[in-house]
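If you're matching positions, the sequence shown starts at 0 in numbering that gives the first Met the number 0 and goes up one per residue. Quick reminder that beta carbons are idealized off the backbone N, C-alpha and C, glycines included. One structure is given below, encoded as structure tokens.
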Amino acid sequence: MKKSLLKICSGILALAMLAGCGSTSGGSSSQATESKTEESSTVSTSQVEGEEEALTEQTLPISDEKVTLTYWRVWSNDYTPDFNEYLVNKEMEEKTNVKIEFTTVASSVGTEKFGILLASQDLPDLIENNVAYPGGGEKAISDGIYIDMAPYVEKYMPTYSKLRESDETVRKMTISDTGKMWGIYPLFCNNDMELCAEPSWIGMVIRQDWLDDLGLEQPHTIDEWHTVLTAFKEEKGAEAPLLLSKTGIMPYDYFLSAYGVKSEFYKDGDTVKYGPLEDGYRQYLELMSQWYAEGLVDQNFISNEITSNAPVDYVATGKSGAATYSWAGTGDYLYETGSSTDPEINWQPITGPVLKEGDVCQARNVSYIAIQTPVSVTTACETPEIAAKWLDYQYTYDGFIANSFGDSECYTVDDEGNYAFTDKIMNGEHGVTPQVEQFSYRRKDFPGLVSWEVYDLTNPAERLAAREVYDSDGTDLVLPKIEMTADEGTEYNALYTDIQTFVQEKTASYIMGSESLDTFDDFVETLKGMNIERCIEIQQAALDRYNAR
Numbered sequence: 000m001k002k003s004l005l006k007i008c009s010g011i012l013a014l015a016m017l018a019g020c021g022s023t024s025g026g027s028s029s030q031a032t033e034s035k036t037e038e039s040s041t042v043s044t045s046q047v048e049g050e051e052e053a054l055t056e057q058t059l060p061i062s063d064e065k066v067t068l069t070y071w072r073v074w075s076n077d078y079t080p081d082f083n084e085y086l087v088n089k090e091m092e093e094k095t096n097v098k099i100e101f102t103t104v105a106s107s108v109g110t111e112k113f114g115i116l117l118a119s120q121d122l123p124d125l126i127e128n129n130v131a132y133p134g135g136g137e138k139a140i141s142d143g144i145y146i147d148m149a150p151y152v153e154k155y156m157p158t159y160s161k162l163r164e165s166d167e168t169v170r171k172m173t174i175s176d177t178g179k180m181w182g183i184y185p186l187f188c189n190n191d192m193e194l195c196a197e198p199s200w201i202g203m204v205i206r207q208d209w210l211d212d213l214g215l216e217q218p219h220t221i222d223e224w225h226t227v228l229t230a231f232k233e234e235k236g237a238e239a240p241l242l243l244s245k246t247g248i249m250p251y252d253y254f255l256s257a258y259g260v261k262s263e264f265y266k267d268g269d270t271v272k273y274g275p276l277e278d279g280y281r282q283y284l285e286l287m288s289q290w291y292a293e294g295l296v297d298q299n300f301i302s303n304e305i306t307s308n309a310p311v312d313y314v315a316t317g318k319s320g321a322a323t324y325s326w327a328g329t330g331d332y333l334y335e336t337g338s339s340t341d342p343e344i345n346w347q348p349i350t351g352p353v354l355k356e357g358d359v360c361q362a363r364n365v366s367y368i369a370i371q372t373p374v375s376v377t378t379a380c381e382t383p384e385i386a387a388k389w390l391d392y393q394y395t396y397d398g399f400i401a402n403s404f405g406d407s408e409c410y411t412v413d414d415e416g417n418y419a420f421t422d423k424i425m426n427g428e429h430g431v432t433p434q435v436e437q438f439s440y441r442r443k444d445f446p447g448l449v450s451w452e453v454y455d456l457t458n459p460a461e462r463l464a465a466r467e468v469y470d471s472d473g474t475d476l477v478l479p480k481i482e483m484t485a486d487e488g489t490e491y492n493a494l495y496t497d498i499q500t501f502v503q504e505k506t507a508s509y510i511m512g513s514e515s516l517d518t519f520d521d522f523v524e525t526l527k528g529m530n531i532e533r534c535i536e537i538q539q540a541a542l543d544r545y546n547a548r
């Protein structure tokens with residue numbers, strides 16, 4: 000087991016170094032870890048099954064005697080550097096009689112530090128999974144690192160159990176294909192504590208002030224977009240009327256999805272397909288090749304490291320007229336914050352492009368109720384039942400308040416149930432906007448319930464309205480959060496890494512005109528020779544298992 004663990008840790012560290020990435024106490028001694036890693040999850044399950052009847056509700060304190068649990072998470076805050084000092088954590092300790100000792104690492108070194116953590120064999124009691132375990136959560140259980148929490152959820156987590164069972168998608172996303180629970184997921188809700196996904200936080204935006212000046216309507220079809228982008232280039236001097244990422248495709252596959260495909264794997268009903276194999280991909284390349292030649296898309300797109308928000312030097316300066324951006328950056332935000340010197344700048348949300356008027360774009364950013372930062376209980380934890388009860392408590396009203404609004408000095412609530420931030424947030428001591436100040440007090444992406452409506456308290460209504468526009472696009476092409484087995488993941492990664500590089504290089508060549516689209520059929524055959532069809536089979540098997548959960 001130790002040799003296997005060291006191999007895993009070495010793999011993580013190697014990946015961290017390739018990516019350029021730069022002691023806990025309590026119930027996490029190395030001796031405890033070494034002995035626990037030899038046990039299987041079956042032992043834990045049988046132990047839980049032999050204990051008292053399942054809880055129906057949590058009572059306080061969780062423990063009569065003070066218990067300390069250690070907790071590792073990827074997190075940083077420029078203004079309150081020690082997460083242990085958050086007042087909300089101290090309030091939670093007083094109520095539960097469970098002290099949490101946090102160790103935090105910055106996201107820039109998260110992968111590296113995670114590998115070091117595992118290599119040390121000095122595990123904390125809880126690990127917040129911003130960093131994925133190689134081979135997936137189930138492998139972490141079989142490797143003796145994480146505990147299968149399914150029996151603990153059943154016995155000690157009535158609040159979490161009821162919530163996850165109340166929504167079919169949440170239920171599927173919080174359990175593995177074989178019925179194991181390697182992580183406990185934070186859950187989005189509204190201010191009434193009703194489960195609901197956060198609206199899409201990002202989508203397509205356009206320079207509405209330019210449209211108004213030119214007397215043009217917002218474009219919807221590809222033909223309308225051609226007219227608008229031509230006007231942006233010729234009348235507004237935009238050097239990159241449409242901003243692409245280095246892949247030659249916009250984030251979230253805008254424009255490409257108009258042809259019924261995505262840049263990688265997508266679903267057609269319950270069937271997995273791969274975009275670059277399809278004729279729709281060829282049609283997209285023909286369009287972008289034409290627009291590149293006409294100067295309607297960024298001529299230097301292969302240098303753009305864009306994954307979501309467009310670079311400020313493009314959207315704040317008049318270089319670009321269409322891009323992807325967060326709802327929080329719409330309107331005159333860039334001028335208001337000093338990024339732009341143009342007082343007329345006005346970025347507004349717009350629905351994704353389609354081929355025919357009346358069609359609906361079927362690819363966009365998708366937010367889920369189950370937030371993708373689950374917390375795992377490790378085999379070093381000597382009191383997993385206490386950890387389970389403490390985690391469950393985060394899904395009660397107290398946890399909801401701590402995650403959404405912060406400590407008792409941060410908010411008020413009136414008789415109608417309307418929340419408001421106090422001056423501690425709205426005019427905070429750190430001299431930053433309320434949008435930033437709140438994160439010095441409330442627990443972002445922490446286990447428990449968290450209201451996405453909290454953003455309504457610090458942002459103007461016109462910016463918030465952008466979310467509705469983003470959400471009006473569909474998601475028919477978008478795969479759910481499926482999970483490969485460890486063996487599948489190993490085989491898939493060995494095949495797909497080279498495929499991904501090949502597709503990106505060829506896509507850029509086709510768009511820039513350095514290679515003729517007459518060779519597209521050869522491109523498809525080469526992909527088949529690289530075993531893309533086996534990759535599709537693996538994705539299909541994972542989707543089938545997800546649908547059967």
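Please state whether the Cβ-Cβ distance between residue i and residue j is less than 8 Å.
i: Glu-100; j: Thr-67; result: yes
i: Cys-409; j: Tyr-367; result: no
i: Thr-377; j: Ile-144; result: yes
i: Ser-288; j: Leu-516; result: yes
i: Thr-372; j: Pro-185; result: yes
i: Thr-609; j: Thr-525; result: Given that the chain is displayed from residue 0 to residue 548, the structure contains no residue 609 and the question cannot be resolved.
i: Lys-98; j: Lys-65; result: yes
i: Ile-497; j: Met-529; result: Going by the sequence as given, residue 497 is Asp instead of Ile. Yes. Within cutoff.
i: Leu-241; j: Gln-361; result: no
i: Ser-403; j: Val-449; result: yes
i: Ser-181; j: Ala-139; result: Note that residue 181 corresponds to Trp in the displayed sequence, not to Ser. Closer than 8 Å, so yes.
i: Lys-171; j: Ala-149; result: no
i: Val-296; j: Leu-213; result: no
Could you pull the start and end residues of the alpha helix (DSSP H) that residue i belongs to?
i: Phe-519; result: 519-528
i: Phe-101; result: Segment 97-104 is the beta strand (DSSP E) holding Phe-101; no alpha helix (DSSP H) there.
i: Val-108; result: Where Val-108 is concerned, there is no enclosing alpha helix (DSSP H), given that its DSSP letter is neither H nor E.
i: Tyr-392; result: 383-392
i: Ser-127; result: Looking at the sequence shown, residue 127 is not Ser but Glu. That residue, Glu-127, is in no alpha helix (DSSP H); its beta strand (DSSP E) goes 125-127.
i: Ala-292; result: 278-292
i: Tyr-440; result: Looking at the DSSP string, Tyr-440 is not in any alpha helix (DSSP H), and its letter there is neither H nor E.
i: Ser-403; result: 396-403
i: Asp-358; result: Element bounds for Asp-358: n/a, residue is neither H nor E.
May I ask you to report which of helix, strand or coil DSSP gives residue i?
i: Ile-498; result: helix
i: Glu-234; result: helix
i: Tyr-145; result: strand
i: Ser-84; result: According to the sequence provided, residue 84 is Glu. The question's Ser does not apply to it. Here Glu-84 sits in helix by DSSP.
i: Ser-165; result: coil
i: Arg-544; result: helix
i: Ala-419; result: strand
i: Val-42; result: Here Val-42 scores only 38 on pLDDT, less than 50, and its place in the model should not be relied on; the value that follows carries that caveat. Of the three classes helix, strand and coil, the one that applies to Val-42 here is helix, per DSSP.
i: Pro-352; result: coil
i: Ser-24; result: Because the pLDDT of Ser-24 is 33, which lies under 50, any placement of that residue in the model is unreliable, and the number read from its coordinates should be weighed accordingly. DSSP places Ser-24 in coil when its eight states are reduced to three.
i: Ala-485; result: helix
i: Pro-240; result: strand
i: Arg-533; result: helix
i: Leu-448; result: strand
i: Gln-539; result: helix
i: Thr-506; result: helix
Beta strand (DSSP E) containing residue i: first to last residue?
i: Ala-460; result: First-last for Ala-460: 460-463, but that is the alpha helix (DSSP H), not the beta strand (DSSP E).
i: Pro-348; result: 346-348
i: Lys-266; result: 264-267
i: Leu-333; result: Not the beta strand (DSSP E): Leu-333 falls in the alpha helix (DSSP H), residues 332-335.
i: Tyr-410; result: 410-412
Spell out the partners DSSP gives residue i in its beta bridges.
i: Ala-322; result: Val-204
i: Ala-369; result: Leu-186
i: Ser-572; result: Any question about residue 572 goes unanswered here, given that the chain covers just 0 to 548.
i: Lys-272; result: Tyr-265
i: Trp-71; result: Thr-102, Ile-126
i: Val-66; result: Val-97
i: Val-296; result: Leu-241
Would you check whether the ligand GDP has a heavy atom nearer than 7 Å to the C-beta of residue i?
i: Glu-92; result: Within the structure as shown, the ligand GDP is missing, as the structure has no ligands at all.
Consider the Cβ of residue i: report whether some Cβ of chain C lies at a distance smaller than 8 Å.
i: Pro-198; result: Absent from the structure: chain C. Only one protein chain is present.
Segment contact, 8 Å Cβ cut-off, at least three pairs: the region 352-366 with the region 218-235:
Touching, yes, given that three or more Cβ pairs across the two stretches are closer than 8 Å.
Is it a yes or a no for the region 75-89 touching the region 328-338, going by three-plus beta-carbon pairs under 8 Å?
Verdict: no, contact absent.
Measuring CB atoms only, is the region 105-113 touching the region 397-411, in the sense that at least three cross pairs come out at less than 8 Å?
Taking one beta carbon from each stretch, the region 105-113 and the region 397-411 have fewer than 3 pairs nearer than 8 Å; the two do not touch.
Between the region 494-513 and the region 282-296, do at least 3 Cβ pairs fall closer than 8 Å?
These segments touch.
Counting beta carbon pairs with one atom in the region 231-241 and one in the region 312-319, are three or more of them shorter than 8 Å?
With a cut-off of 8 Å, the region 231-241 and the region 312-319 count as touching, because enough Cβ pairs lie within range.
Any contact between the region 199-214 and the region 323-333? By contact I mean 3 or more CB pairs, one from each, below 8 Å.
Contact holds between the region 199-214 and the region 323-333, because three or more Cβ pairs, one in each stretch, are under 8 Å apart.
Three or more C-beta pairs under 8 Å: does that hold for the region 155-169 against the region 383-397?
Using a C-beta cut-off of 8 Å, the region 155-169 makes contact with the region 383-397, since at least three inter-stretch Cβ pairs fall below that distance.
Taking contact to mean at least 3 C-beta pairs separated by less than 8 Å, is the region 420-438 in contact with the region 451-470?
Counting Cβ pairs under 8 Å, three or more are found: they touch.
Using 8 Å as the threshold, is the region 464-483 in touch with the region 258-268, meaning 3 or more CB pairs across them?
Touching, yes, given that three or more Cβ pairs across the two stretches are closer than 8 Å.
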